[in-house]
Each structure stands twice: as C-alpha cells, then as structure tokens.
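Notes to accompany the following structure.
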Amino acid sequence: MYSVKEPDSGTPLRVHPDSVRLEIDGVSVEVPKGTSVMRAAVEAGVRVPKLCATDSLEAFGSCRLCVVQIDGRRGFPASCTTLVEPGMKVHTQSPAIAKLRRNTMELYISDHPLDCLTCPANGNCELQEMAGVVGLREVRYGYEGDNHLKAEKDESNPYFTFDPTKCIVCSRCVRACEEVQGTFALTVEGRGFGSKIAAGAGNFLSSECVSCGACVQACPTATLMEKSVIDAGQPDHSVVTTCAYCGVGCSFRAEMQGNEVVRMVPNKDGHANHGHSCVKGRFAWGYASHPDRLKLPMIRAKITDPWRSVSWEEAFAYAAGEIKRIQATYGRGSVGGITSSRCTNEETFLVQKLVRAAFGNNNVDTCARVCHSPTGYGLKTTLGESAGTQQFDSVMKADCIVVIGANPPEAHPVFASQMKRRLRQGARLIIIDPRATALVRSAHVEADYHLPLRPGTNVALINAIAHVVVTEGLAREDYIHQRCDVAEYEKWKAFVSLDRNSPEATEAVTGVPAADVRGAARLYGSAGNGAIYYGLGVTEHSQGSTMVMGIANLAMATGNIGRDGVGVNPLRGQNNVQGACDMGSFPHELPGYRHVSDGAVRGLFEGVWGVTLDPEPGLRIPNMFDAAHDGSFRALYVQGEDIVQSDPDTQHVTAAMEAMECVIVQDLFLNETAKYAHVFFPGSSFLEKDGTFTNAERRISRVRKVMPPLTGLADWEITVRFAQALGYSMHYDHPSQIMAEIASLTPTFTGVSYDKIDQLGSVQWPCNDAAPNGTPVMHIDRFIRGKGRFVVTEYVPTEERTSRRFPLLLTTGRILSQYNVGAQTRRTANVTWHDEDVLELHPHDAEQRGIQAGDRVRVESRQGDTTLHVEITERMQPGVVYTTFHHPESGANVVTTENSDWATNCPEYKVTAVQVSLAEAPSTWQRRFGEIEAVQAALVPAPGAK
Amino acid sequence: MNVPKLVKMANQIAAFFEGEPEPAAVLEGIASHLCRFWDPRMRRELLAAVDAGTADGLRPSVHDSLRAHRVRVAPRNGDKQLTEPDIPMAATGH
Numbered sequence: 001m002y003s004v005k006e007p008d009s010g011t012p013l014r015v016h017p018d019s020v021r022l023e024i025d026g027v028s029v030e031v032p033k034g035t036s037v038m039r040a041a042v043e044a045g046v047r048v049p050k051l052c053a054t055d056s057l058e059a060f061g062s063c064r065l066c067v068v069q070i071d072g073r074r075g076f077p078a079s080c081t082t083l084v085e086p087g088m089k090v091h092t093q094s095p096a097i098a099k100l101r102r103n104t105m106e107l108y109i110s111d112h113p114l115d116c117l118t119c120p121a122n123g124n125c126e127l128q129e130m131a132g133v134v135g136l137r138e139v140r141y142g143y144e145g146d147n148h149l150k151a152e153k154d155e156s157n158p159y160f161t162f163d164p165t166k167c168i169v170c171s172r173c174v175r176a177c178e179e180v181q182g183t184f185a186l187t188v189e190g191r192g193f194g195s196k197i198a199a200g201a202g203n204f205l206s207s208e209c210v211s212c213g214a215c216v217q218a219c220p221t222a223t224l225m226e227k228s229v230i231d232a233g234q235p236d237h238s239v240v241t242t243c244a245y246c247g248v249g250c251s252f253r254a255e256m257q258g259n260e261v262v263r264m265v266p267n268k269d270g271h272a273n274h275g276h277s278c279v280k281g282r283f284a285w286g287y288a289s290h291p292d293r294l295k296l297p298m299i300r301a302k303i304t305d306p307w308r309s310v311s312w313e314e315a316f317a318y319a320a321g322e323i324k325r326i327q328a329t330y331g332r333g334s335v336g337g338i339t340s341s342r343c344t345n346e347e348t349f350l351v352q353k354l355v356r357a358a359f360g361n362n363n364v365d366t367c368a369r370v371c372h373s374p375t376g377y378g379l380k381t382t383l384g385e386s387a388g389t390q391q392f393d394s395v396m397k398a399d400c401i402v403v404i405g406a407n408p409p410e411a412h413p414v415f416a417s418q419m420k421r422r423l424r425q426g427a428r429l430i431i432i433d434p435r436a437t438a439l440v441r442s443a444h445v446e447a448d449y450h451l452p453l454r455p456g457t458n459v460a461l462i463n464a465i466a467h468v469v470v471t472e473g474l475a476r477e478d479y480i481h482q483r484c485d486v487a488e489y490e491k492w493k494a495f496v497s498l499d500r501n502s503p504e505a506t507e508a509v510t511g512v513p514a515a516d517v518r519g520a521a522r523l524y525g526s527a528g529n530g531a532i533y534y535g536l537g538v539t540e541h542s543q544g545s546t547m548v549m550g551i552a553n554l555a556m557a558t559g560n561i562g563r564d565g566v567g568v569n570p571l572r573g574q575n576n577v578q579g580a581c582d583m584g585s586f587p588h589e590l591p592g593y594r595h596v597s598d599g600a601v602r603g604l605f606e607g608v609w610g611v612t613l614d615p616e617p618g619l620r621i622p623n624m625f626d627a628a629h630d631g632s633f634r635a636l637y638v639q640g641e642d643i644v645q646s647d648p649d650t651q652h653v654t655a656a657m658e659a660m661e662c663v664i665v666q667d668l669f670l671n672e673t674a675k676y677a678h679v680f681f682p683g684s685s686f687l688e689k690d691g692t693f694t695n696a697e698r699r700i701s702r703v704r705k706v707m708p709p710l711t712g713l714a715d716w717e718i719t720v721r722f723a724q725a726l727g728y729s730m731h732y733d734h735p736s737q738i739m740a741e742i743a744s745l746t747p748t749f750t751g752v753s754y755d756k757i758d759q760l761g762s763v764q765w766p767c768n769d770a771a772p773n774g775t776p777v778m779h780i781d782r783f784i785r786g787k788g789r790f791v792v793t794e795y796v797p798t799e800e801r802t803s804r805r806f807p808l809l810l811t812t813g814r815i816l817s818q819y820n821v822g823a824q825t826r827r828t829a830n831v832t833w834h835d836e837d838v839l840e841l842h843p844h845d846a847e848q849r850g851i852q853a854g855d856r857v858r859v860e861s862r863q864g865d866t867t868l869h870v871e872i873t874e875r876m877q878p879g880v881v882y883t884t885f886h887h888p889e890s891g892a893n894v895v896t897t898e899n900s901d902w903a904t905n906c907p908e909y910k911v912t913a914v915q916v917s918l919a920e921a922p923s924t925w926q927r928r929f930g931e932i933e934a935v936q937a938a939l940v941p942a943p944g945a946k
Numbered sequence: 001m002n003v004p005k006l007v008k009m010a011n012q013i014a015a016f017f018e019g020e021p022e023p024a025a026v027l028e029g030i031a032s033h034l035c036r037f038w039d040p041r042m043r044r045e046l047l048a049a050v051d052a053g054t055a056d057g058l059r060p061s062v063h064d065s066l067r068a069h070r071v072r073v074a075p076r077n078g079d080k081q082l083t084e085p086d087i088p089m090a091a092t093g094h
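Chains U and S are the protein sequences, given in the same order.
Residue 141 in the working numbering sits at position 141 of the first sequence, and the numbers go up by one each step.
Residue 38 in the working numbering sits at position 38 of the second sequence, and the numbers go up by one each step.
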C-alpha cells in the first residue's frame, strides 16, 4: 500500500481494439472491451468501495464490498469481476447497496482490533477508509465471540511483519505473490472462519518467500507492514528515483519524512518494473546511512601510514599534486582512472573527461570491462550498436525464450517475474547453463530444454544450434537476403554447416546430448518470436565476444531481430553498466562508442573541451595492473568500484596496487581497494545526488536527490573539483548541464534532456531527431550498421583445463539477496539470507571426497587457494562447482585466473580448474586478509578525530 | 609489460581471426585489432620482443600480420607515453 497515495482503478487496464459504451450512475463512459465495471466506474469519475481489489491484480470478487446493481440483472454483482457490456446501466449507490456494504464491513470489523490510533497504518488503511466510506457506526455482534485477535505476529522477516490479527483474508498478498512475483509462496489455509494466510509450513523467513515486498505493497491493512514504517511512522512526501542495484533499473518512490527515508516503494508508473520490486531495491537501502560510511576526505603518503582526515581542499590539492608529480616523473601515460557502473551517467562522463582532458591520455576503463565488454564488442560488430535490441516488455510477446548463462530470478528478479508471467501464459523456454538454475523448474515454470553444458563450451554449443537451424532449413533466407550482408552469411553458413559443428560432433565437447540440442534448435528456430536473454555466463569467458557474436548470428539467421517479442538481450549486472559504456568509459572509445582514432570525432570533443586528445587507445583494467607491475603505470583514480575484491587473480591485483604510488579511491566505504589507497574521497549514495542511470534496455531514468550529500559534495562535484585542482576547468551548476553536454556530443543522445525525461518518465536511446521519444526496439527496418554482419565463430577451447591435480571446474555467480562485492547489501539485513559465500558441490563429487554438507573445504586452483563451507546440491552437474563473490574474506578471486576474453580482456571468471578437499582452517591468504583488515581498520581515524 | 602475457593475448586474437578463410583478412584482422584495442606500450613491447626474437610461442599468423602491417601497428607517438611528462593543454574546458 502506498503511503503517499496513488490512484487505484481496482482492476488492471485492458487493451482491446473494440470499445464498449455503458452508463454508470447516469454518466456515459466508453472503455476497452474486457474492462471491469469497477474500472469503468473510475473512468466515469465514480469510486466504488473495495477491499480485495487493486489494479495490480486480477479481480477476485471475495470482499463483497464493491457490489452494484445493474438494470435487468438480479441481485448485487461484484463490480470487480463483472465485465462491461454495451448499453449496461450500472448503479453504484442505493439504500440496498449501502446496507449490504455496511453489513459486510460490520463483519470484518467484528474480528479486527480497534487500535487504529496506535496502528502503524493509521491514516493509510483501506479498511479504516472503507469503514468511513460505507458509514459504519456500530458492530452489533460485539467482540467477544470467536476471533483471531490473539493470533501470533510473525516478525521473522527482517523487513516486514505479518500480523494476522489485522488480516481480512482478502488474498491480495497471495495473489501478488502469484501474479506479480510468480513465487507462489503464500496460500490461504483452511476454510471459512478458519481460513488464514500462511507462508508455507513455518514462518515467512523459513518459507519460499523472496521478500520482494509485493505482498506488503498489496496489503490493504497493517497486516503486512514494513518495520521501517512501524518504527518511523507514515511518510509525508515522496520523490521518484531509480534503484541503484541491478540493470533492471526499477523506478521507486522514496517515501520520506524530511530528509529521512522511511521506505522505498516501487513506482506503478515505472517503465521497467511496473510497480514491482525485489528484496534489494525495496528494502536494502539502509547501507546509505550505515555507520561505516566515511564522511571526511583522507590522505596518507604510504599505505602503511595512518589515514589523516583533511579538508576537501587539502585532499584535492594532494591528489592533484601526486598525479602531476607522477606524470612529470614517469610520463603522461603513467596514470589513469576507472569509472563505475554504480555511478550516474553524468559522473561517469566526467571521470572519462577528466582522464582524457586533464590526465591527457585514454587510460580510462570501467567495471563493465569485467562483465559486459564482450557485449559491446560483439553486438557492435554484428548489429552495429553496443546495446540490447529490445525493451523488457517485449518479453510478453515472445513465443520461445532462450536464457543463456543468466539467472534472472537471482540477478534480475523483477524482470524474471515478468518473464515468468509470460511463461505461465505458455511461452516455451530453453535454458543453457551448467547449473540447474531456478528457471529450469520452479512454481508453474518448467523449461522445455535445459542444456547443461560444460563451462567454457558456449561457442561449440551455439555453433551446434546454428548448424541445426541452417541444415534443417530453419534459416529465414528472405530476411537474411533483405537485411544482412549475404556474402558474410554464406561464409558463416558454410562454416556452421560443417560436420564438426553438428550436435553429434560437439556432444563430446559440450556434454549436452545431441538430441536435446536438435530439439532446442528446432524449438527456437521455428518459434514465431524467439527471444534470447543472456548474462555473464556468456561474456566472462576467453571466447566471450565470440559467443556474443554467435548469439547475434543465430538471431539474424532466424529473423529474430527488429520487432517486439524477439531480439538479443544482454542482462546487465549493475545498474548503470549500459550507461557507463555509453558515456565513453572504455579506453578506445569516446562517448557514443566512437573510436579515439577518429580525427573528426576527436575534433568535436576537442572543440568543446578545449584540449588536444590522444588518438591512441589507453590501458584496459587488466593492462593497468600489468603496467603497474612493470612500473609504467603508477597512479589510479577509482570511482565507485572495488577492483581488489571484484577482479580476478586477487594476488596479482594487490601486488599491482602495492606497486602504485598514488591510488585515489572515491567510495561510500573503505572498501578492499581503499586498503591500498593514498587518497580517499568519500562518495555519496544514490539518494544524495541528481543524475541518470541507463538500464539494460537502454532506458535513461532520473536519479533524484532526496537528501543532501552526507559528505557535503555529490560525486559529480568531487570530480569537478579534482579536475580544477589539476588545472583543468570544469563548470557545471547541476548534472542537467552535464547531460546537455553529453547530448551535444553524442548522436544517439541529442534528444535527451532532463526535461524530456521528466516529461516522458524515462526514455530509451537512441533519442534524437529521428526518434524524439526514444527507441524501444532497435534495428526495426535495418541494422544500425546497415547490413547485419554474420561472423565466423570458430570454437577455441580455453587454456584453462582440468587435470588430475585440478579435476573440477569452478564457475562463479551471484545470489538474490547480495549485490556484486556486497559493499552495500552486506551492510543491510540481507545478510539474514546470505552471510557467507559457500561452495556448491554435486553429491557425487562430495561423496568421492568424503565431504558432508557444511564442511569447510579447500578450493585450490593453479592461481591460489581459499576455503569455503560446502552446500551439497543437485543444482550442480558432477565435475562442476560454484560459488559467489559477495564477501571479501571468501577470496573467490584468489582462485580465479587471469585468463580473459580474446577481444576485450574480460576475465574468464566462469572457468577455473580446481580441486576441492576437506580443510580444517582458513587458508593462508584468508589469515593474511584478516591481518590486513585489522591493520587497515586501525589506521582509520576515529569519528571526529583529525 | 609481461611479454609472455602479451604473446598469449596476441595468440588468442590470432586464433579468432584465423577462422577467416582469406589469409589477407586474417592478417588484417589481427593488426586492426591490435591497433584499435592495445595501448601503445603493449604494441611497442610486442614488436620489440618480436624484433629481439624473444616472443616465444607467438603464432605464425601474428608474425605475418606484424610484418605486413608494421607501420600501422607501431605506436604513432613513439615513446611519448613513457617519456614526455605532459602535453600542452588549454585549461579552458567546460
């Protein structure tokens, strides 16, 4: 339920080509066929009382409060479940209706506590409101009879309570869990008076509940209530902003009391999420005010020195002085910067501008390097643009959904709910993943095919699927000849047709039965609309870029690009991966994906920025580490990215950090990277600044400041001041001016402005004269590059191989409750669900090693070793193990290798040969980590100290 | 820079472009990729290792590509990145 109320039409919007005219309380109204009488009444300006109805859920017809009378019909039909008919005359008020409604309310209230004044929903309770609307004045039955007023409150969930004494069993929570979230965790147990809401056999925490908050949102009373509202009271105003977690980019209303957030509520008008949320965006925002937040800048000469809190001026002067000293000593190319996918477009744009214009080189990179850089390369090469082709809503028109190396219910939960809704409507599903992820089989969803390939064999598998498409006549030759480069197609066709690419030939490599590959290929190839969604299980491989091109090849060959319901859709891990890439964060590209060697493009930027730009590509993140090792790279400015925890081969990374003379970290917390830093600029959370994020569907949404920066400066202001200290002048009064500069320099953004976003709610680029309101679906009539380009994708096995010493393959990923390196979510109650990273192991592999569930095991690779506790699960296939990297002490990246994608250097996180054995104590690295942690913590000044 | 690592990366690039049926396209693909994505110091050190005969294990296609496209692959700025302390710039940005 919204504290700051939004209109509720009672039942969902219907879209139908035919309309129906009817009369409600004498008012003539025309609505789409299939609309409920209740919703038509709202259109006519009449609000029918209701309790079990809300417009995010299908009508249920249980509360009997919305009864109406219809001429020519007997009785009192429920307006929520009655559909409009031509010429219908509806009466929503009459003495008989009023009596019925009062009687109904009387029954509800007879079993409801009369504690309105102390109830957390006071003033925002639909039951309270309806009692007033129907004129309830007495309860004739008394309160002494059987009731539920002593039922036990469930406070197990860290974020909300379930108080059954206040429950009216309207089923809105149950239906929200089913229809909106798709988890089916809640049910109505019992019948009649004994019926009650139940979360499985135990409490909410032990149930299947994923804490998305949809039930809390749907509840019309205080039965399901946020603990933050219970603690703080009702909010007094709200601000629409964008979630700072995953690449879905959900729109939220930050509901506030003054400068304090009371709760985050998903925005019904949000174009990416349509009023839904997940446990992170909805509840895990407390990190923004966590005591670990550092609010003063700090400097130190050596990483073994104590930090010294200083003024902003001193911090900027020191950092700038060090950069200048190092450049004077070691050369212009000896310094660089890293932008973050967690920061806004404007902040990211400024960091790359600072590096290119003030540092005078192109040594700027972004954390997308280690996740979706192959997407940029692969889609640009084949389709002409480094971005996904669709909007999220497109999935509702897909007939066959292919999910490759992605786990949407864990990593992109709100989009997963939409996808599951489409699957429940009958869309077919193919999962390509080494693990049996939740989508393979869950409530009312079952994949038609799960192709559990061996890690590292993606390209062999996509070639096999393409082989079937081409050799069985499933290729759309008409589409290809009209839209693609035919010569390249013929070359590719000849390649994938080779016997060595057949499912039978590749079975030995991939481990996937040929018959399943053929079945899946036929299903996708013959579907009306085939849509591919993929994640880091595609990109984080030595052939990540090749696989992205393989996917694009397949989509073009089957004509599945250029309309609703189809497409190639990268699911971006962090909130602004797409935006960070768009903003010119890569060392070879200026904003808008234009190569630095293009003199005309450079000239455009040089004219506005007033500098000469370097025409050579700069260092990528892994290259920066290598250059630090050889002494040619000595200083780094890192904004909002924890490279020490997130990048592979930790010991190589930390040695590189130790080799640098000046590391400047800008972050909310003293993260792992900051332990190797000499300057710390305290950053601001998404609640403290204005800007924009661009989500996985190229949707640019506003981030709005709901409170002042705790440190006094928003992140964009820090970069501006740092540039000024370096002698390079930047002048902006507000991030909207930065966006204006971006728009003036970037052809795909020329129509983007804060005014446009405010007017439309959000906008998907390209947004320019050709598409003033943005572009939901790309490549409609022609590919951005002109003709779609097929690329030969030869399978090249990774150099990371299993052996007798390292017989298992480790692959890494993430889970629902934690986000990336966990810096934010570990500082929230989300640790309730995941307080340590564990190793998932197949029962067979566990038995062979004498390992029991919960045992501590040593995970050793050629690179290093760590220890983790074990979870034994048949989600894994034999020979493959899995872990996450949300907790720094786990040391997952101590084990991963420095292998990387051939085209982009994106690390091969997904394939590491390991051995697993029982361990009695933490690893040497983990013990050392603990020591460093303690030493560094002691070097931070106490709050208030100088 | 670590020469064995540069050799490994160059070999990976070569392995991809060797999928091209036309030999000239293989050499062009490798050279173009190095120019577009490798920082000058990486290209410089790979070329130096090739010249010194220390690029052990470098695939023949990379050798051929560097021979055919040497001028393009060699950094345009010479040693500027490492030796020049600064570049003239007008402090008049926006």
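We put the CB at the ideal spot given by N, CA and C, even for glycine.
- Secondary-structure assignment with DSSP links GLU30/U through a beta bridge to ARG21/U.
- For GLY337/U, the pairing in a beta bridge is given by DSSP as VAL364/U and TYR637/U.
- Annotation: the continuous beta strand (DSSP E) that includes CYS400/U extends over 400 to 404.
- In chain order, ASN122 and GLN128 place their CB closer than 7 angstroms to the CB of CYS116/U, counting only its own chain and leaving out the 5 sequence neighbours on each side.
- Considering only LYS302/U, PHE415/U and TYR795/U, the residue with the shortest C-alpha distance to THR506/U is TYR795/U.
- For ALA15/S, the enclosing alpha helix (DSSP H) covers residues 3 to 17.
- Pairing ARG263/U with SER228/U gives a Cβ-Cβ distance under 8 angstroms.
- Interface criterion not met: the Cβ of ARG70/S is under 8 angstroms from no Cβ in chain U.
- As for any alpha helix (DSSP H) of minimum length 4 sitting wholly inside the segment 277 to 338 of chain U, the runs are 279 to 283 and 312 to 330, ordered along the chain.
- Rounded to whole angstroms, the Cβ separation of PHE625/U and VAL653/U is 6 angstroms, and the two are in contact under 8 angstroms.
- Of the candidates VAL403/U, THR775/U and GLY584/U, THR775/U places its Cα closest to the Cα of ASP564/U.
- For the pair ASN899/U and GLU799/U, the CB atoms are nearer than the 8 angstroms cut-off.
- Of GLY822/U, VAL638/U and CYS63/U, the smallest CA-CA separation from GLN352/U is found for VAL638/U.
- For ILE30/S, the closest Cβ of chain U is not nearer than 8 angstroms.
- Counting the other Cβ atoms within 10 Å of the Cβ of LEU423/U gives 16 or more, which makes it buried.
- The Cβ atoms of ARG428/U and ASP399/U lie closer than 8 angstroms to each other.
- Contact of ASP56/S with chain U is not assigned, every C-beta pair being separated by 8 angstroms or more.
- By the criterion of a C-beta distance shorter than 7 angstroms, ALA15/S is surrounded by no residue of its chain, once the five residues flanking it on both sides are discounted.
- The C-alpha of ARG858/U is placed about 19 angstroms away from the C-alpha of GLY813/U.
- According to the DSSP assignment, GLY530/U belongs to the beta strand (DSSP E) that extends over 530 to 534.
- Per DSSP, the continuous beta strand (DSSP E) segment holding ILE430/U begins and ends at 428 to 432.
- Nearest CB-CB separation between HIS734/U and chain S: not below the 8 angstroms threshold.
- With the criterion set as a beta carbon lying under 9 angstroms from some beta carbon of chain S, the members of the segment 489 to 514 of chain U are LYS491, ALA494 and PHE495, in sequence order.
- The shortest CA-to-CA distance from VAL792/U to any of CYS63/U, ILE401/U, TYR159/U and LEU498/U is the one to LEU498/U.
- At a C-beta separation below 9 angstroms, GLY123/U has no neighbours in chain S, since its nearest C-beta there lies roughly 49 angstroms away.
- Within chain U, the residues placing a beta-carbon under 8 angstroms from that of ALA15/S are GLU794, VAL796 and TRP902, ordered along the chain.
- By the neighbour-count definition (other C-beta atoms within 10 Å, threshold 16), THR118/U is an exposed residue.
- Non-local C-beta neighbours of VAL174/U in its own chain, meaning closer than 7 angstroms and more than five positions away in sequence, comprise LEU186, THR187, VAL188 and ILE197, ordered along the chain.
- Inclusion of LYS302/U and PRO21/S in the CB contact set at 8 angstroms is not warranted, their separation being larger than that value.
- Think of a sphere of 8 angstroms around the beta carbon of GLU840/U: no beta carbon from chain S falls inside it, the nearest being about 30 angstroms out.
- Annotated as distal: ALA368/U and LEU379/U, with beta-carbon spacing of 8 angstroms or more.
- Of all residues in the segment 606 to 621 of chain U, the ones placed with a Cβ closer than 9 angstroms to any Cβ belonging to chain S are VAL608, TRP609, GLY610, VAL611, THR612, ASP614, PRO615, GLU616, PRO617, GLY618, LEU619 and ARG620, in chain order.
- Just so you know, the alpha carbons of THR339/U and GLN234/U end up roughly 38 angstroms apart.
- Per DSSP, the continuous alpha helix (DSSP H) segment holding LEU379/U begins and ends at 373 to 382.
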